[in-house]
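Participant: For the first sequence, my numbering assigns the number -10 to the initial residue and increments by one for each residue that follows. Positions of the beta carbon are idealized from the N, C-alpha and C atoms, including for glycine.
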Amino acid sequence: MKIASWNVNSLRVRLEQVLEWLESTQVDILGVQETKLQDTNFPLEAINSAGYDVLYSGQKTYNGVALLAHRERVVEKLGPMLYPVTNLPGFDDTQKRILAATIGDLRIINLYVPNGAVPDSDKYRYKLAWLEALYEFLRIQLNDHPRMVVMGDFNIAPEDADVHDPKKWEGSVLVSPRERKALQKIVSLGFCDSFRQFAQEDGQFSWWDYRAAGFRLNKGLRIDLILASDAILEHLTGSWIDREPRAWQRPSDHTPVVTEFTF
DNA sequence: ATGGCGGGTCTAACCCGA
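#1: Considering only residues of the region 198 to 250, which uninterrupted beta strand (DSSP E) runs meet the minimum length of 3 residues and lie entirely inside it, listed in chain order?
#2: Tell me where the alpha helix (DSSP H) around K156 begins and ends.
#3: So, for V74: in the same chain, excluding its five sequence neighbours on each side, which residues have a beta-carbon less than 6 Å away from its beta-carbon?
#4: Considering only the beta carbon of each residue, do Q15 and K(-9) sit closer than 8 Å?
#5: Let me check understanding here. Comparing Cα to Cα, which of S13, F204 and L123 lies closest to P103?
#6: Quick one: what's S161 bridged to in DSSP?
#7: Please list, in chain order, all residues of the same chain as W237 whose beta carbon is under 8 Å from its beta carbon, the five residues on each side excluded.
#8: Just grab the DSSP bridge partners of K(-9) for me.
#9: Does D142 come out as helix, strand or coil in the three-state DSSP assignment?
#10: Please classify K85 as buried or exposed, where buried requires at least 16 neighbouring CB atoms within 10 angstroms.
#11: My parser needs the beta strand (DSSP E) runs of 3 or more residues fully inside the region 60 to 84; what are they?
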């Protein structure tokens, strides 16, 4: 089974790209971030017609997440998406950034972690508070669901190897020590960064700035991650970044990341 | 050092992202 995560930067603009990519890659479960759509405007029929069940939690203008599961390859074999969660428990937040669901005995969590603006700003403090609430949520969830995939736009590059120019980025938001520690704390609950479970070439990123020819010059960051819990570690068979959609006309600034499992 | 691109919507001397 192939599980993928893609920040599409407006599902309204990127819908055809998402459907084309799913058709060509045969990805089974996809977490989408930054739909930027109210639920009343969600393209439910188009996604259902493409063969996917979908859950979504959106708002106007900002944020918004969705979770797609292929009807024949996932839902009919393992079961429907159940027990959705769209908020971090105990964290008062109007921003739609999380969507969790259970498929069979697999708990899937799709995230759009706050950006954080600049270190020590209000948005940065919100990011750290959000990550702390996420830590508590995942700690509880792992007890009930040892088989778990946590994916999304983490807005954190875990290591300097995930940054095109670590010197230039040092201390900036997306790489600053406090947010990296918050991510490490979450991973330490019992996850691995699936991409790093396999030998990878240097300079592989999942986001490139639209400005200053970021993609052409490969000035990017790897901030889109798929974490796998220890209980499913043995089922990992591969993890990669598909750069192709970033080269398409009118692309998202993120490209999809994929992890494959034996189940 | 700055701004650059590309989404959004209150279409702007706009806001936001990463």
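Facilitator: For this structure:
#1: You should have 213 to 218, 225 to 230 and 246 to 250.
#2: Walking along the first sequence from the start, residue 156 turns up at place 167. Run containing K156: P155 to W158, per the alpha helix (DSSP H) assignment.
#3: Along the first sequence, read from residue 1 onward, the residue named residue 74 stands at position 85. Excluding sequence positions up to five before and after V74, its CB lies within less than 6 Å of the CB of A89, all in the same chain and listed in chain order.
#4: Counting from 1 along the first sequence, the entry for residue 15 is found at position 26. Counting from 1 along the first sequence, the entry for residue -9 is found at position 2. A contact, by the Cβ cut-off of 8 Å.
#5: Along the first sequence, read from residue 1 onward, the residue named residue 103 stands at position 114. Nearest option by C-alpha distance: L123.
#6: For this step, residue 161 is matched to residue 172 along the first sequence. Listed as beta-bridge partners of S161 by DSSP are no residues whatsoever.
#7: What you label residue 237 is simply residue 248 of the first sequence in a count that begins at 1. If you ignore the 5 residues before and after W237, its C-beta comes within less than 8 Å of the C-beta of Q6, all in its own chain and listed in chain order.
#8: To locate residue -9, count along the first sequence from 1; it is residue 2. E249.
#9: As a position in the first sequence, residue 142 is number 153, starting the count at 1. DSSP places D142 in strand when its eight states are reduced to three.
#10: Residue 85 sits at position 96 when you count from the first residue of the first sequence. With 16 or more other Cβ atoms within 10 Å, it is buried.
#11: For the region 60 to 84, whole beta strand (DSSP E) runs of length 3 or above, ordered along the chain, are 71 to 74.
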